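> Following this message is one structure expressed as structure tokens.
2 protein chains.
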Amino acid sequence: MKPLQKPTSRSAARAENERLILEAAETVFAEHGFKGATTGQIADRAGIPKANLHYYFPTKESLYRQVVENIFRIWLDAANTFDDCDDPEVALTSYINAKMDISRRHPMGSKVWANEILHKAPVIQDYLETTLDEWTESRIAVIERWIAEKKMAPVDPRTLLYMIWATTQHYADFNHQIETLNAGKPLSEEQFETAKKTVVGIILAGVGIHPNGKGAGA
Amino acid sequence: MKPLQKPTSRSAARAENERLILEAAETVFAEHGFKGATTGQIADRAGIPKANLHYYFPTKESLYRQVVENIFRIWLDAANTFDDCDDPEVALTSYINAKMDISRRHPMGSKVWANEILHKAPVIQDYLETTLDEWTESRIAVIERWIAEKKMAPVDPRTLLYMIWATTQHYADFNHQIETLNAGKPLSEEQFETAKKTVVGIILAGVGIHPNGKGAGA
DNA sequence: TGAAGACTTGACCAATCGGTCAAGATGAGA
DNA sequence: TCTCATCTTGACCGATTGGTCAAGTCTTCA
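Residue numbers (this note's numbering), protein chains in the order written: chain A, 6 to 223; chain B, 6 to 223.
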């Protein structure tokens with residue numbers, strides 16, 4: 006058996022440094038974009054010299070790619086809540102809530118993603134074409150089945166998904182605008198809960214699901 | 006009376022050059038962000054030498070500011086369609102349609118705006134705090150009155166506006182993602198019309214307005 | 001304990017980019 | 001036609017920045 010390492014051993018220090026760098030990088034890339042961010046800025050924020058950052062991540066691009074891959078993993082976790090239940094009311098509610106919570110807790114990740122798409126996805130194009138496309142098509146099929154089973158009104162499934170993505174991510178990507186329109190202050194927990202309930206309410210009613218009533222509207 | 010100038014006169018050439026530069030700048034700023042865009046790139050796209058660009062716009066920032074102000078003017082025009090009619094069904098429908106059409110026809114402008122907010126609005130913060138804030142508050146008041154008059158269901162007006170902004174702008178800002186998920190092809194006119202109708206339908210039903218029925222749900 | 005590898009870091013370099021400049025071309029008015 | 005202001009442009013400059021390097025320091029393990 007190999008001996009246990011002290012918490013400050015080589016490998017632990019390495020893991021800790023990589024974590025610090027990735028955390029700093031996520032914020033700096035989110036707020037300045039890939040081009041606007043400098044490795045010096047990221048190193049400063051991580052509290053290490055720039056040369057040391059380049060020891061762990063040889064190029065700015067490799068660091069960026071790692072950040073984007075982490076974000077994509079978080080996104081995929083939330084995507085699974087869509088399948089919590091086969092009832093559209095429960096599935097849509099938990100999916101919207103999960104995405105809203107991610108925007109609240111990981112706004113920087115969402116901003117990096119938005120930047121990527123805005124700049125035509127130079128790094129994540131392959132994810133869009135494979136994982137994201139497959140996920141989207143399979144969920145469209147689920148929604149079409151719900152519609153056929155009269156569990157919800159006949160709406161275009163693709164547009165519904167885009168509305169959910171757009172709205173939930175808006176609370177991260179456009180957070181600065183939302184704060185400015187909220188007297189310059191971040192949304193309180195209460196305000197954010199109101200937003201979540203309102204989004205869920207409008208989407209559910211919008212697709213003809215009325216929690217207190219029965220099925221779909223005509 | 007001043008003599009008419011030939012079409013290729015000084016002032017006409019100046020106006021034409023400024024238009025070319027602004028058009029090129031909008032696209033390049035949209036796709037690369039402020040930092041990512043280079044004046045050389047913009048000049049190339051406008052078909053003039055870089056030094057000439059700096060003759061018309063002394064600094065990159067002054068050019069950027071002009072682009073953003075043009076975009077804001079277009080945005081304000083669309084905002085007025087909100088007041089076409091005091092009936093929420095008509096007002097919301099025409100506002101959503103106007104914003105969707107802008108995303109379709111001026112996607113670059115929307116992307117520049119998104120970039121600005123993502124980067125904490127270094128150039129347009131004053132617009133957010135004055136014009137946008139006033140517009141938003143006044144429309145929230147209108148929506149609250151509609152709710153009090155039972156013309157629509159009691160939803161949080163702010164969240165409703167954010168959903169409309171997020172969704173309509175998504176079709177410009179995330180156009181690359183939408184294209185990728187559409188087999189790499191731009192949305193056809195027919196697909197885009199479907200999207201518009203679906204968004205209007207979900208929002209109207211979401212706030213309890215049923216065009217074929219009467220007023221609001223409880 | 002000492003050798004070898006892993007990590008740290010200040011100094012440095014080449015490339016890029018925003019902006020300048022001076023010399024010339026062009027058009028309008030007298 | 002002459003003059004002057006406007007416009008055009010290639011060459012250039014200083015600042016920034018991604019990335020390198022060599023000279024160290026620290027851990028680990030035989």
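Glycine included, C-beta positions come from ideal geometry on N, C-alpha and C.
This one's a predicted model, so the numbers in the text were calculated from it and none came from an experiment.
Check whether the Cβ atoms of T173/A and K104/A lie closer than 7 Å to each other.
The count along the first sequence starts at 1 and reaches residue 173/A at position 168. The count along the first sequence starts at 1 and reaches residue 104/A at position 99. Going by C-beta atoms, T173/A is nearer than 7 Å to K104/A.
> By the three-class DSSP mapping on this structure, what secondary structure does K55/A have?
Start at 1 with the first residue of the first sequence, and residue 55/A comes out as number 50. Reduced to three states, the DSSP call for K55/A is helix.
> Mind checking the region 88-118 of chain B against chain A and listing, in chain order, the residues whose C-beta falls within less than 8 Å of any C-beta there?
For the region 88-118 of chain B, which is checked against every Cβ of chain A, the residues closer than 8 Å are K116.
> At which residues does the alpha helix (DSSP H) containing F197/B begin and terminate?
What you label residue 197/B is simply residue 192 of the second sequence in a count that begins at 1. Segment E194 to G211, the alpha helix (DSSP H) holding F197/B.
> Just the C-alpha distance for M157/B and W151/B, rounded to the nearest angstrom, thanks.
The sequence position of residue 157/B within the second sequence is 152, counting from 1. The sequence position of residue 151/B within the second sequence is 146, counting from 1. If I take the Cα positions, the gap works out to 6 Å.
> Where do the ends of the alpha helix (DSSP H) carrying S67/B lie?
As a working note, residue 67/B is residue 62 in the second sequence. Taken as a continuous stretch (DSSP letters only), the alpha helix (DSSP H) holding S67/B covers K65 to N85.
> Give a yes or no on contact between the region 110-130 of chain A and the region 112-130 of chain B, applying the rule of three or more CB pairs nearer than 8 Å.
A contact exists between the region 110-130 of chain A and the region 112-130 of chain B.
> Looking at chain A, is there any beta carbon in it that lies within less than 7 Å of the beta carbon of T135/B?
For the purposes of this step, residue 135/B is taken as residue 130 along the second sequence, with counting starting at 1. It does not; no Cβ of chain A falls within 7 Å.
> Ends of the alpha helix (DSSP H) at V147/A?
Locating residue 147/A in the first sequence gives position 142, counting from the first residue. Residues D138 to A153.
> Out of curiosity, what's the CA-to-CA distance linking E139/A and L133/A?
Sequence index remark: in the first sequence, residue 139/A carries index 134 (1-based). Sequence index remark: in the first sequence, residue 133/A carries index 128 (1-based). In a straight line, the C-alpha of E139/A is about 9 Å away from that of L133/A.
> Determine the chain B residues that contact I53/A at a beta-carbon separation under 9 Å, and present them in chain order.
The sequence position of residue 53/A within the first sequence is 48, counting from 1. Neighbours of I53/A on chain B: none; closest Cβ ~23 Å, over 9 Å.
> Of the choices V205/B, G211/B and T203/B, whose alpha-carbon is the least far from that of G206/A?
Within the first sequence, the letter at position 201 stands for residue 206/A. G206/A has its Cα closest to that of G211/B, out of V205/B, G211/B and T203/B.
> Can you say whether V72/B is buried or exposed, counting buried as having 16 or more other CB atoms within 10 angstroms of its CB?
Mapped onto the second sequence, residue 72/B falls at position 67. By the 10 Å Cβ count, V72/B comes out buried.
> For Y100/A, which residues of its own chain have a beta-carbon under 6 Å away from its beta-carbon, when the five flanking residues on both sides are left out?
Walking along the first sequence from the start, residue 100/A turns up at place 95. The residues are T86 and F87.
> Of the choices E36/B, H37/B, K40/B and A48/B, whose alpha-carbon is the least far from that of N22/B?
In the second sequence, the residue the question calls residue 22/B occupies position 17. That would be A48/B, whose Cα lies nearest to the Cα of N22/B.
> Determine the DSSP secondary structure at H215/B, reduced to helix, strand or coil.
Residue mapping note: residue 215/B aligns to position 210 of the second sequence, counting from 1. Note: H215/B maps to coil in three-state DSSP.
> Please state whether DSSP places N187/B in a helix, a strand or coil.
The residue you call residue 187/B lines up with position 182 of the second sequence. Three-state DSSP puts N187/B in coil, outside helix and strand.
> Could you tell me whether any Cβ in chain A is nearer than 7 Å to the Cβ of D49/B?
If you number the second sequence from 1, residue 49/B lands on position 44. By this cut-off, D49/B is not an interface position.
> Given that Y69/B touches chain A, what residues does it touch there, using C-beta distances under 8 Å?
Counting from one through the second sequence, the residue named residue 69/B turns up at place 64. Result: empty, since nearest Cβ-Cβ is about 13 Å, beyond 8 Å.
> Compare the C-beta of A126/A against all C-beta atoms of chain B and say whether one is closer than 7 Å.
In the first sequence, residue 126/A corresponds to position 121, counting from 1. At least one chain B Cβ lies under 7 Å of A126/A.
> By a C-beta neighbour count over all protein chains shown, 10 Å radius and 16 as the cutoff for buried, is A17/A buried or exposed?
To locate residue 17/A, count along the first sequence from 1; it is residue 12. When all chains shown are included, A17/A counts as exposed.
> Quick check on the burial criterion: 16 or more other C-beta atoms within 10 angstroms. Buried or exposed for A30/B?
Here residue 30/B is taken as the residue at index 25 of the second sequence, counted from 1. Buried, because 16 or more other Cβ atoms sit within 10 Å of the Cβ of A30/B.
> Please give the ranges of any alpha helix (DSSP H) in the region 86-131 of chain A, keeping only runs that are unbroken, at least 4 residues long and fully inside the region.
You should have 93-110 and 112-123.
> Assuming the contact rule is C-beta atoms closer than 8 Å, I183/B and Y167/A should be a hit. Round their C-beta distance to whole Å, please.
For the purposes of this step, residue 183/B is taken as residue 178 along the second sequence, with counting starting at 1. For the purposes of this step, residue 167/A is taken as residue 162 along the first sequence, with counting starting at 1. The pair is a contact, with the Cβ atoms about 7 Å apart (cut-off 8 Å).
> On the premise that R50/A lies in contact with T32/A, defined as a C-beta separation below 8 Å, what is that separation, rounded to the nearest angstrom?
Translated into positions along the first sequence, residue 32/A becomes position 27. Translated into positions along the first sequence, residue 50/A becomes position 45. Rounded, the Cβ-Cβ distance is 7 Å, consistent with contact.
> What did DSSP end up calling S14/A once you bin it into helix, strand or coil?
Translated into the one-based positions of the first sequence, residue 14/A becomes position 9. Coil.
> Have a look at K7/A and Q130/A and give me their C-alpha separation to the nearest angstrom.
Locating residue 7/A in the first sequence gives position 2, where the first residue counts as 1. Locating residue 130/A in the first sequence gives position 125, where the first residue counts as 1. For K7/A, the predicted structure reports a pLDDT of 35, less than 50, and the residue's modelled location is therefore unreliable. The matter cannot be settled from this model.
> Which first and last residues belong to the alpha helix (DSSP H) in which A42/A is found?
One-based indexing of the first sequence puts residue 42/A at position 37. First-last for A42/A: undefined, no H or E at that position.
> Any beta-carbon of chain A closer than 7 Å to the one on F34/B?
The residue given as residue 34/B occupies position 29 in the second sequence. Chain A contact via Cβ: absent.
> Enumerate in chain order the residues of its own chain whose CB-to-CB distance from F197/A is below 7 Å, with the five nearest sequence positions on each side excluded.
Numbered from 1 along the first sequence, position 192 holds the residue referred to as residue 197/A. For F197/A, where only same-chain residues beyond five positions count, the Cβ hits under 7 Å are R109.
> Helix, strand or coil for M6/A, going by three-state DSSP, please let me know.
Counting from 1 along the first sequence, the entry for residue 6/A is found at position 1. With a pLDDT of 35 at M6/A, under the threshold of 50, the modelled position of that residue is not reliable, and no figure is offered here.
> Find the residues of chain B that neighbour Q182/A, judging by a C-beta separation of less than 7 Å, and give them in chain order.
Translated into positions along the first sequence, residue 182/A becomes position 177. Those are I122 and L133, listed as they occur along chain B.
> Does K201/B pass the burial test, meaning 16 or more other C-beta atoms within 10 Å, or should it be called exposed?
Position 196 of the second sequence holds residue 201/B. Buried: at least 16 other Cβ atoms inside 10 Å.
> So which of E94/A, H111/A and F77/A has the shortest CA-CA distance to T135/A?
If you number the first sequence from 1, residue 135/A lands on position 130. The shortest C-alpha separation from T135/A is found at F77/A.
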